[in-house]
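Shown next, in structure tokens, is the structure this report addresses.
2 protein chains.
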Amino acid sequence: MNIIKGGVTAAKGYKASGTEAGIKYKDRKDMALVYSEKPAVVAGTFTTNVVKASPVLWDMKLVRSGKPVRAVVLNSGIANACTGSVGDEYNLWMAEKMASALGIDTEEVCTASTGVIGMQLKKEPIERGCKQLAETLADTAEAGTLAAEAIMTTDTVSKQYAVDFEIDGKTITIGGMSKGSGMIHPNMATMLCVITTDVLISKDALQKALSLSVADSFNMISVDRDTSTNDTVLVLANGEAGNDEICEGSAGYVEFCEALDQVTRSLAKMMAADGEGASKLLEVTVTGAAAKESARALAKSVITSNLVKTAVYGSDANWGRIMCALGYSGEDFDPYKTAVTIKSVTGSLVLVRDGMATDYSEDEATKILSDSEVTVICDMGEGDACATAWGCDLTYDYVKINGDYRS
Amino acid sequence: MNIIKGGVTAAKGYKASGTEAGIKYKDRKDMALVYSEKPAVVAGTFTTNVVKASPVLWDMKLVRSGKPVRAVVLNSGIANACTGSVGDEYNLWMAEKMASALGIDTEEVCTASTGVIGMQLKKEPIERGCKQLAETLADTAEAGTLAAEAIMTTDTVSKQYAVDFEIDGKTITIGGMSKGSGMIHPNMATMLCVITTDVLISKDALQKALSLSVADSFNMISVDRDTSTNDTVLVLANGEAGNDEICEGSAGYVEFCEALDQVTRSLAKMMAADGEGASKLLEVTVTGAAAKESARALAKSVITSNLVKTAVYGSDANWGRIMCALGYSGEDFDPYKTAVTIKSVTGSLVLVRDGMATDYSEDEATKILSDSEVTVICDMGEGDACATAWGCDLTYDYVKINGDYRS
Chain A
1 MNIIKGGVTA
11 AKGYKASGTE
21 AGIKYKDRKD
31 MALVYSEKPA
41 VVAGTFTTNV
51 VKASPVLWDM
61 KLVRSGKPVR
71 AVVLNSGIAN
81 ACTGSVGDEY
91 NLWMAEKMAS
101 ALGIDTEEVC
111 TASTGVIGMQ
121 LKKEPIERGC
131 KQLAETLADT
141 AEAGTLAAEA
151 IMTTDTVSKQ
161 YAVDFEIDGK
171 TITIGGMSKG
181 SGMIHPNMAT
191 MLCVITTDVL
201 ISKDALQKAL
211 SLSVADSFNM
221 ISVDRDTSTN
231 DTVLVLANGE
241 AGNDEICEGS
251 AGYVEFCEAL
261 DQVTRSLAKM
271 MAADGEGASK
281 LLEVTVTGAA
291 AKESARALAK
301 SVITSNLVKT
311 AVYGSDANWG
321 RIMCALGYSG
331 EDFDPYKTAV
341 TIKSVTGSLV
351 LVRDGMATDY
361 SEDEATKILS
371 DSEVTVICDM
381 GEGDACATAW
391 GCDLTYDYVK
401 INGDYRS
Chain B
1001 MNIIKGGVTA
1011 AKGYKASGTE
1021 AGIKYKDRKD
1031 MALVYSEKPA
1041 VVAGTFTTNV
1051 VKASPVLWDM
1061 KLVRSGKPVR
1071 AVVLNSGIAN
1081 ACTGSVGDEY
1091 NLWMAEKMAS
1101 ALGIDTEEVC
1111 TASTGVIGMQ
1121 LKKEPIERGC
1131 KQLAETLADT
1141 AEAGTLAAEA
1151 IMTTDTVSKQ
1161 YAVDFEIDGK
1171 TITIGGMSKG
1181 SGMIHPNMAT
1191 MLCVITTDVL
1201 ISKDALQKAL
1211 SLSVADSFNM
1221 ISVDRDTSTN
1231 DTVLVLANGE
1241 AGNDEICEGS
1251 AGYVEFCEAL
1261 DQVTRSLAKM
1271 MAADGEGASK
1281 LLEVTVTGAA
1291 AKESARALAK
1301 SVITSNLVKT
1311 AVYGSDANWG
1321 RIMCALGYSG
1331 EDFDPYKTAV
1341 TIKSVTGSLV
1351 LVRDGMATDY
1361 SEDEATKILS
1371 DSEVTVICDM
1381 GEGDACATAW
1391 GCDLTYDYVK
1401 INGDYRS
């Protein structure tokens, strides 16, 4: 598997564009389009929030229908959530205008929105944006970047990632883009992600691969524990690579899953590192847990603790807060079997052994925690299962950004 | 029922003291004692964290034993959690030294600790503290205040509350003290609370009343969702009021429960208002929920949302975050039946009706949210159940306090 440049336009047969439509702000890219020249099999995972935005409801319907799609149109600025039947109409309007500008069916257009909840979209900027998006479509890496930039909200950098690999002598490419730096929490966050691949794969196999992949990537990141109304991950597969169709268990399925995992994990880590106000990427790996689900719950509990997040911000090896967060995870374990190690490029240090402090040097610990990427490893001594979660520190800037997000 | 001055020394037959023992810091009160002249029935509720501090394990054993107790000795500065069998020894040492200074049995002394996790206590300051506490015991309101001050950590004010009421012509008094302003989360937080009453009541009735009372008070406050290793609520009842013994369902039981609720809720609200870095007390009331448990879960979900807490800090009527938090509570409801109202001394304003924005004035909303006590009322339109949770805003100071707590 090779990491390659690009995002949603990396795979064969895909184009993209991004434009300034004036959805909410002026002079800011706020609409994006991903387009497949051939009808593409689509799989999706969506927010678990009871309050679901109109585009989420629309995409869930399209994905369930089992029919191929050709395009995903996305906007930033307004989330189109808590907008009632009027919101549903605007969402349909967006799909219709995009379809007509592309000369395809409305049911071939997935939609996604991100931004402020409760505000209605306006028809005029959407119509203008859809036209501009269709006119400026291109299959270049630059076009992919424009799309990735157009879906940003409080993100400080755009997020793209792509890999290629071979199955039976055919090169398969998977590329994706994502956004999301606030309202990010396990079980999907205010995050949008579109992944495109030229692999030929059955719809069932694609959905299975995506659902598994999301469980260990997007569902393992947390910025603030707030699970949004709009989370959407879509994968389009158009079969242009010319491989024999992949089904669950067939040749190539494992390789595809591994490559997809590489893309989703990389995008997830980029999102965590760009968490609102983040100054550090925090990785929490739980090893030696009794079961996989237990390992995930323990890792998530530590990554989401405000007290752990502020301690990491302050480069303070306050391991008691880590033990405490493991303890209220809902999982049962013997605390006196637990070991906690911190790690960064500076080195690694065992803080806790058998549930109690080692004779570590606070100075050394502070040095390790002062790096911009910090890993905490919790070994539970209970079994063989492990899991990794990603998040970030909690800083003054998080409070600043979110105390004044709408203005 | 009357609200009266005082705390743990308000009820008949109780004394208290607070002293500087030098547990972790100098020139700071850090040990407290509550003492009952007669053996008292004791009930308790404790942290649900798997990682339980040594004093928690000790008290659980005493409460389970069913025997009466005479004293509670508490220290701040060191939590005596994650300290292994050595920690258990130090805890027993604290109970023994206190018992010998008071001339009572070790098994008559409950213990409680709060502070940094993972550090061992030292014997010398404990022994000195126990002596000083025994020597300075008094039944005055001032002595109660000294005790309440000695258990503070990052608290900015001490917390005491007391009421009296009559049962069959006998005056019953209930008074309490508590501490805790970080690691505070539903299901008990880094909070210690000791309540004393002179009522004559059976142990079973006292435990039942306390467990019910905690569910709607201490378990409904949240500062940072971190459930601590040390949470302890103890109620001592010494029977000095001279009433006929109260049992579950007997005359006076309901009155006692109401008075106890008044004390626990008042202390809980004080703790929420004094949350680390808090500039505002936030109250979230859910009405019209399908069931009581559902109402509690919905209210807790809103009170714990970092995005809601930062919006309240910024006096921003970002109701989408409230809807979002209701939506990921795990409870099912129809968002298009939901109404959201904000309220403070300045006035009240309906922001959301039928799940969508009303035509409210942002200026008016900002004015209401600028007060130091803000209430959010979420009516779910699903049934008759309601619940209230208390918390605070998330501020720069929270980050400051917790990025640098240990130094």
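Line by line, the protein sequences are chains A and B.
Read in order, the letters of the first sequence correspond to residues 1 to 407 in the numbering used here.
Read in order, the letters of the second sequence correspond to residues 1001 to 1407 in the numbering used here.
For every residue, glycine included, the Cβ atom is placed at its ideal position computed from N, Cα and C.
All values reported here derive from a predicted model rather than from experimental measurement.
C-beta contact flag for residue i and residue j at 7 angstroms
i	j	result
residue 1160/B	residue 1148/B	yes
residue 411/A	residue 78/A	Lying before the first or after the last residue shown, residue 411/A is absent from chain A, which here runs from 1 to 407.
residue 1115/B	residue 1170/B	no
residue 154/A	residue 401/A	yes
residue 1196/B	residue 1313/B	no
residue 1027/B	residue 1076/B	no
residue 1017/B	residue 1136/B	yes
residue 1134/B	residue 1111/B	no
residue 198/A	residue 173/A	yes
Cβ separation of residue i and residue j, assumed to be a contact under 8 angstroms, to the nearest whole Å
i	j	result
residue 1210/B	residue 1045/B	6 angstroms
residue 365/A	residue 353/A	Contact doesn't hold; Cβ gap of about 14 angstroms is too wide.
residue 1176/B	residue 1263/B	5 angstroms
residue 73/A	residue 33/A	5 angstroms
residue 84/A	residue 1336/B	6 angstroms
residue 167/A	residue 249/A	Wrong, their Cβ atoms sit about 14 angstroms apart, outside the cutoff.
residue 298/A	residue 329/A	5 angstroms
residue 1300/B	residue 1222/B	7 angstroms
residue 1117/B	residue 320/A	2 angstroms
residue 1192/B	residue 1178/B	6 angstroms
residue 1317/B	residue 1351/B	6 angstroms
residue 286/A	residue 220/A	That pair is no contact at about 11 angstroms.
residue 1284/B	residue 1376/B	5 angstroms
residue 1371/B	residue 1346/B	6 angstroms
Residue i, DSSP secondary structure in three states
i	result
residue 1367/B	helix
residue 1187/B	Reliability fails at residue 1187/B, whose pLDDT of 38 lies under 50, so the model's placement of it is uncertain and the value that follows must be treated cautiously. If DSSP states are grouped into helix, strand and coil, residue 1187/B belongs with coil.
residue 306/A	helix
residue 70/A	strand
residue 1046/B	strand
residue 105/A	coil
residue 1278/B	coil
residue 54/A	helix
residue 1391/B	strand
residue 1324/B	helix
residue 1120/B	coil
residue 263/A	helix
residue 1296/B	helix
residue 333/A	coil
residue 1172/B	strand
residue 1028/B	coil
residue 1291/B	coil
residue 138/A	strand
residue 1152/B	coil
residue 12/A	coil
residue 1002/B	strand
residue 177/A	strand
Neighbouring residues, chain A, relative to residue i (Cβ below 9 angstroms)
i	result
residue 1117/B	318, 319, 320, 321, 323, 324
Partners in chain B for residue i, counting only beta-carbon separations shorter than 9 angstroms
i	result
residue 7/A	Within chain B, no residue comes near residue 7/A; the closest Cβ sits about 28 angstroms away, beyond 9 angstroms.
residue 125/A	Simply none; closest approach about 20 angstroms.
Chain B residues whose Cβ lies nearer than 8 angstroms to that of residue i
i	result
residue 383/A	Those do not exist, as residue 383/A stays about 16 angstroms from chain B at its closest Cβ, beyond 8 angstroms.
Under 7 angstroms from the C-beta of residue i: neighbouring residues of chain B
i	result
residue 395/A	1399
Residues that residue i contacts on chain A, provided the C-beta gap is smaller than 8 angstroms
i	result
residue 1335/B	50, 51, 82
Beta-carbon neighbours of residue i, restricted to chain A and to distances below 7 angstroms
i	result
residue 1327/B	49, 50, 51, 229
Residue i: CB within 6 angstroms of a non-hydrogen atom of the ligand HEM
i	result
residue 1087/B	Because no ligand of any kind appears in the structure shown, any question about the ligand HEM cannot be addressed here.
Of all the residues that make up the region 18-51 of chain A, which are near chain B by a beta-carbon distance shorter than 9 angstroms?
Of all residues in the region 18-51 of chain A, 47, 48, 49, 50, 51 have a Cβ within less than 9 angstroms of some Cβ in chain B.
When Cβ atoms are compared, which residues of the region 84-107 of chain A fall closer than 7 angstroms to chain B?
84
Proximal residues, the region 1331-1358 of chain B versus chain A, C-beta separation under 7 angstroms
Listed in sequence order: 1332, 1333, 1335, 1336, 1355, 1356, 1357.
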